[in-house]
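Chemist: Sharing a structure below in structure tokens format, with a few things to ask.
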Amino acid sequence: MTHSLTLDSISAHYGTTKVLEDLSLAVGEGELVSLLGASGCGKTTTLRLVAGFLQPTSGTITLGGRDLTRLPPHQRDIGLVFQNYALFPHLSVADNVGFGLKQRGISGEAKTKRVTAMLERVGLAHLADRLPGALSGGQKQRVALARALVIEPPLLMFDEPLSNLDAKLRIDMRVEIRQLQRANGTTSVYVTHDQEEAFSISDRVAIMHAGRIMQLDTPERLYQRPANAFVARFVGFENLIPMTVVERDGAKITAEMAGGVRLTLGLEQFGDIPDRFILACRADGLQVTDNAAMEGIPATLGLRTYLGRAYQYQAETPAGPLIANGPLTRPLEPGVAAKLVPVPEQCTILSPE
Amino acid sequence: MTRNIHPLLIAGTALVFMFLVGPLIIVLGAALSDTTYLTFPPQGLSLRWFENIFAIDAFRRTILTSLQIALLSTTIALIIGIPAAYALNRHRIQLPGWLSTLFILPVLVPELVLGFSLLKNVAVQFNSPIYLSLLFGHALIVLPYVVRVISASLASFDFSIEEAAISLGSPPLKTFFTVLLPNVRSGVIAAFILAFITSINDVSISIFLTGPGLSTLPIQLLAHMEQFFDPTVASVSVLLMILTVAVMAVVERTLGLTFLAK
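The listed protein sequences correspond, in order, to chains B and Y. Note that the working numbering numbers the first sequence so that position 113 is 113, with each residue one more than the last. Offset between the second sequence (1-based) and the working numbering: plus 1000.
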């Protein structure tokens, strides 16, 4: 039996507030899918609906062919890892981990064996008799992870599991979570607002906004080929420039932006370009040069900031304000007239909405 | 390291201490007096007034009644109050704000008024047995303490712990007993003590709800004082103090008293 999770047109309304609108999502067997978005985007609601702590207004949730939609949460058999660990304060580490086994009627030596094995896997066997209050944040999260994994659930869900940890530990823990998840092949849903975390840990990421999934794709495709303006802005395309094709010439097109500025773009680098499109460029995708002979967007440079690998400029152009980067070897002063040259690798084409 | 403590601070502390402990010493002294009237300092030392409590039938009966009523009313208040406090905290966002105030009303209403209206509208109206009316009245006045104290200890309880238990396969009701209650244990014990002591000491409700053949210790004490001015009153008070101290000592031994301050 496969353990894939399917959400089929789930809507959730609370009073008059629509929290989720017709959301569909399929997480394949052994896959880790992140729900990424700002607070209020519906990612936590989605997780709580799957866990059974909330009821959808409409739609169905199935896990490995089993309909979960109306099943009470304690019968869903889902491993949960919470942001604030949610360990049982009155139970030892071993009893915390053994809690789920006990509910499944596993006791005595069988239980002890599985608990010990699990604690060894998360490197906490020596703390088995401690109470949670005596553990550090990282240790607590490991116990929470062990507690969720030991019941061998068909689905594992994480609710911002690392947000209470410091930056260094967060990176270590996410590697550890990914390794355990891979080793067990557990289908997983991971909720976070941290883009780097989501991209580094996931097979696929669902970027959510206002109760909808804006794009569900691999981190690479999301980063390089966002499907719409929202996702493009989310993954760091600072400049979105609406353009219209004025001339097609074999492998090249010429397009015009506001203010009458024209650019020539190669179809080989950008793929198909519709007649009306948005040129999305990261700051790195617009190179600043004071060489007037270059083809680019004419700009007057404003504030310059130092990024370590480059200088970043706030630039005024006929098409409006843009953000562009320039080489460290040639710092330019505010007020200088320059050209912003698109770098195809750091730019992409979006359809206008 | 030496610390300079202002002499006024020492004097102030001593005054407060005397204010707190002084009456207790006077009562204890009076109870041990060999005289037939209340006096302090005691003249002669004797335990005869303690013996006298148990010699008087009314005292023996009312002590038992008071203990029974306190135990039963506290138990009833806990049975109602713990789920109420749980619901008020768990669903704080969804529930209207006035609902938690509702559970404090019994202490906001002057107790004499409450006692009288219970007598008129419950005891007389439904002609209910005296014992039941008294028990009901006591449960009502100790309920606010139970709800308050347990709410305070639930306020620091992270309800995702409950969700964690449920997600691991523990049904909600079982989770309530195996996960939630053990974590608010100190609050439950504190609520029990407060409610028990409140019930044992209550006069204003009991004075309306006691009746022929049924009285509580404080009411019997009042009745006794109206007729006699002997140190029995003081020795009963000492007994009550010993009971309270004993409860505290047990709690201190098992949990530590610090939790009461939480």
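Cβ coordinates follow ideal geometry from the N, Cα and C atoms, glycine included. If you're wondering where the values come from, they're calculated on a predicted model, not measured in any experiment.
Taking 8 Å as the CB-CB cut-off, is V1184 (chain Y) touching chain B?
Modeler: Taking the first residue of the second sequence as position 1, residue 1184 (chain Y) is located at position 184. So, not an interface residue.
Chemist: Could you tell me whether the stretch 1130–1145 of chain Y touches the stretch 19–33 of chain B, where touching means 3 or more Cβ pairs closer than 8 Å?
Modeler: Segments in contact, no.
Chemist: Per DSSP, M118 (chain B) forms a beta bridge with which residues?
Modeler: For the purposes of this step, residue 118 (chain B) is identified with residue 118 of the first sequence, where counting begins at 1. Answer by DSSP bridge pairing: none, since M118 (chain B) is not bridged.
Chemist: Starting from G137 (chain B), trace the alpha helix (DSSP H) both ways and give me its first and last residue.
Modeler: Counting from one through the first sequence, the residue named residue 137 (chain B) turns up at place 137. Run containing G137 (chain B): 137–149, per the alpha helix (DSSP H) assignment.
Chemist: Mark H1138 (chain Y) as exposed unless 16 or more other C-beta atoms lie within 10 angstroms of its C-beta, in which case mark it buried.
Modeler: Here the question's residue 1138 (chain Y) lines up with position 138 in the second sequence. Classification for H1138 (chain Y): buried.
Chemist: Which residues, in chain order, does the stretch 1154–1169 of chain Y contribute to contact with chain B at a C-beta distance below 8 Å?
Modeler: Within the stretch 1154–1169 of chain Y, the qualifying residues are D1158, S1160, I1161, E1163, A1164, A1165, I1166, S1167, L1168, G1169.
Chemist: Please report the distance separating the alpha-carbon of G179 (chain B) from that of A1191 (chain Y).
Modeler: The residue given as residue 179 (chain B) occupies position 179 in the first sequence. The residue given as residue 1191 (chain Y) occupies position 191 in the second sequence. With the sequence shown as reference, residue 179 (chain B) is identified as Gln, and Gly is not the correct amino acid for it. About 48 Å.
Chemist: Which whole runs of the alpha helix (DSSP H) in the stretch 184–213 of chain B are 4 residues long or more, in chain order?
Modeler: Listed in chain order, the complete alpha helix (DSSP H) runs (minimum 4 residues) inside the stretch 184–213 of chain B are 195–201.
Chemist: So for P321 (chain B), helix, strand or coil by DSSP?
Modeler: Stepping through the first sequence from its first residue, residue 321 (chain B) is reached at position 321. Three-state DSSP puts P321 (chain B) in a strand.
Chemist: In whole angstroms, what is the alpha-carbon distance linking N358 (chain B) and N291 (chain B)?
Modeler: Outside the shown range of chain B (1 to 353) lies residue 358 (chain B), about which nothing can therefore be said.
Chemist: Spatial neighbours of F1159 (chain Y) within its chain, please: C-beta separation below 7 Å, excluding the five flanking residues on both sides.
Modeler: Reading the second sequence from its first residue, position 159 is the one you call residue 1159 (chain Y). Same-chain partners within the cutoff: R1090.
Chemist: Give the C-beta separation of G355 (chain B) and Y313 (chain B) to the nearest angstrom, bearing in mind that I take them to be a contact with Cβ-Cβ under 8 Å.
Modeler: Past the edges of chain B, shown from 1 to 353, lies residue 355 (chain B), and the structure says nothing about it.
Chemist: Report, in whole angstroms, the separation of the C-beta atoms of S1170 (chain Y) and L80 (chain B), which I expect to be a contact under 8 Å.
Modeler: Translated into positions along the second sequence, residue 1170 (chain Y) becomes position 170. Translated into positions along the first sequence, residue 80 (chain B) becomes position 80. In fact, because the Cβ distance is near 13 Å, the residues do not count as touching under 8 Å.
Chemist: Distance cutoff 8 Å, beta carbons only. Does V1188 (chain Y) sit that close to anything in chain B?
Modeler: By one-based count along the second sequence, residue 1188 (chain Y) stands at place 188. Judged by the 8 Å Cβ criterion, V1188 (chain Y) is not in contact with chain B.
Chemist: The alpha helix (DSSP H) with I1010 (chain Y) in it runs from where to where?
Modeler: Position 10 of the second sequence, counted from the first residue, corresponds to residue 1010 (chain Y). 1007–1031 is the extent of the alpha helix (DSSP H) around I1010 (chain Y).
Chemist: Along chain B, in chain order, which residues have C-beta atoms closer than 9 Å to that of P1172 (chain Y)?
Modeler: Here residue 1172 (chain Y) refers to the residue found at position 172 of the second sequence. Ordered by position in chain B, the residues that pass the 9 Å Cβ test against P1172 (chain Y) are P72, P73, H74.
Chemist: Between the stretch 1229–1243 of chain Y and the stretch 1039–1053 of chain Y, do at least 3 Cβ pairs fall closer than 8 Å?
Modeler: Output reads yes: the stretch 1039–1053 of chain Y touches the stretch 1229–1243 of chain Y.
Chemist: Compare the C-beta of V1236 (chain Y) against all C-beta atoms of chain B and say whether one is closer than 8 Å.
Modeler: Translated into the one-based positions of the second sequence, residue 1236 (chain Y) becomes position 236. It does not: the Cβ of V1236 (chain Y) has no partner Cβ on chain B nearer than 8 Å.
Chemist: With a threshold of 7 Å on Cβ separation, who are the neighbours of H209 (chain B) within its own chain once the five nearest residues in sequence on each side are excluded?
Modeler: Numbered from its first residue, the first sequence carries residue 209 (chain B) at position 209. Excluding residues within five positions, the ones whose Cβ falls inside 7 Å are G37, C41, F230.
Chemist: Whose CA, out of B:D194, B:L155, B:V143, B:A206, lies closest to the CA of E358 (chain B)?
Modeler: Because chain B is modelled from 1 through 353, residue 358 (chain B) falls outside the range shown and cannot be assessed.
Chemist: If you drop the 5 nearest sequence neighbours on each side, which residues of the same chain put their C-beta closer than 7 Å to that of V1184 (chain Y)?
Modeler: Position 184 of the second sequence, counting from 1, holds the residue named residue 1184 (chain Y). So the list reads I1150, S1153, L1154, F1157, once near-sequence residues are dropped.
Chemist: What do you reckon, are the CB atoms on R174 (chain B) and E197 (chain B) nearer than 8 Å?
Modeler: For the purposes of this step, residue 174 (chain B) is taken as residue 174 along the first sequence, with counting starting at 1. For the purposes of this step, residue 197 (chain B) is taken as residue 197 along the first sequence, with counting starting at 1. Yes, Cβ-Cβ distance for R174 (chain B) and E197 (chain B) is below 8 Å.
Chemist: For V986 (chain Y), go through chain B and note every residue whose CB falls closer than 7 Å to its CB, in chain order.
Modeler: Nothing in the structure corresponds to residue 986 (chain Y), since chain Y is present only between 1001 and 1262.
Chemist: Just verifying my parser: in three-state terms, what is the DSSP assignment at L54 (chain B)?
Modeler: By 1-based counting over the first sequence, the position of residue 54 (chain B) is 54. Of the three classes helix, strand and coil, the one that applies to L54 (chain B) here is coil, per DSSP.
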